[in-house]
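Reading through the structure tokens given below for one structure.
Residue numbers (my numbering): 33 to 226.
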């Protein structure tokens, strides 16, 4: 035998709305939050479940004869209930649903893998980190500019006369204009002093 949670009739929903959406509730969003506290509202079109913004928009789309939408009179409340029934499958919350909630979010432990050279690149998948390590500028096995004692880092504000571009300071290195960063497996490479 299948277990089903009963759905409120339209009359029950109207009675609840009249009773609960009185002067203490001042807008459609508050009415939606009050509805979600007692009912589960699953959209007939789409996958929305208990979305207060969508429910409030649905309530706001209900034609009203009054300039102030809340509190509703009986006629407006019946119109709101019809609008809700047209857009949502409405069921009562199961008994004890308030005990299903936890007080705090549960912590999740995540394993990540880090490049041992630059210490900046981290991924959950170790294969991605291994691939990065083969082209990491900080990897000394690549004999790359960033780990060379002859590398000059860029400095200054672009366009200023004090600006320095990246360059190789080795006497036999490429000229300033011909320098193409990064140079890998450079024969002039010397490890930086720690």
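Cβ atoms here follow ideal geometry from the backbone N, Cα and C, with glycine treated the same way.
Just so it is clear, the structure is predicted and the values come from calculations on it, not from any experiment.
What does DSSP give as the partner residues of residue i in its beta bridges?
{"i": "residue 114", "result": "According to DSSP, which records beta bridges pairwise, residue 114 is partnered with nothing at all."}
{"i": "residue 146", "result": "154"}
{"i": "residue 183", "result": "200"}
For residue i, which residues in the same chain have their Cβ closer than 8 Å to its Cβ, ignoring the five residues on either side in sequence?
{"i": "residue 68", "result": "82, 84 and 87"}
{"i": "residue 223", "result": "172, 179, 180 and 181"}
Suppose contacts are defined by Cβ-Cβ distances below 9 Å. Is residue i in contact with residue j by that definition?
{"i": "residue 218", "j": "residue 180", "result": "yes"}
{"i": "residue 141", "j": "residue 156", "result": "no"}
{"i": "residue 46", "j": "residue 92", "result": "no"}
{"i": "residue 162", "j": "residue 149", "result": "no"}
{"i": "residue 154", "j": "residue 144", "result": "yes"}
{"i": "residue 89", "j": "residue 60", "result": "yes"}
With respect to the beta strand (DSSP E) encompassing residue i, which residues constitute its N-terminal and C-terminal limits?
{"i": "residue 121", "result": "120-124"}
{"i": "residue 72", "result": "71-75"}
Enumerate in chain order the residues of its own chain whose CB-to-CB distance from residue i is below 6 Å, with the five nearest sequence positions on each side excluded.
{"i": "residue 201", "result": "182 and 184"}
{"i": "residue 221", "result": "175 and 180"}
{"i": "residue 52", "result": "66"}
{"i": "residue 50", "result": "109"}
So residue i is in the alpha helix (DSSP H); what residue range does that whole segment cover?
{"i": "residue 45", "result": "42-52"}
{"i": "residue 92", "result": "84-92"}
By Cβ distance, which residues of its chain are closer than 7 Å to residue i, with the 5 residues on each side in sequence left out?
{"i": "residue 111", "result": "94 and 95"}
{"i": "residue 213", "result": "177 and 198"}
Could you tell me whether the segment 67-74 touches the segment 113-132, where touching means 3 or more Cβ pairs closer than 8 Å? yes
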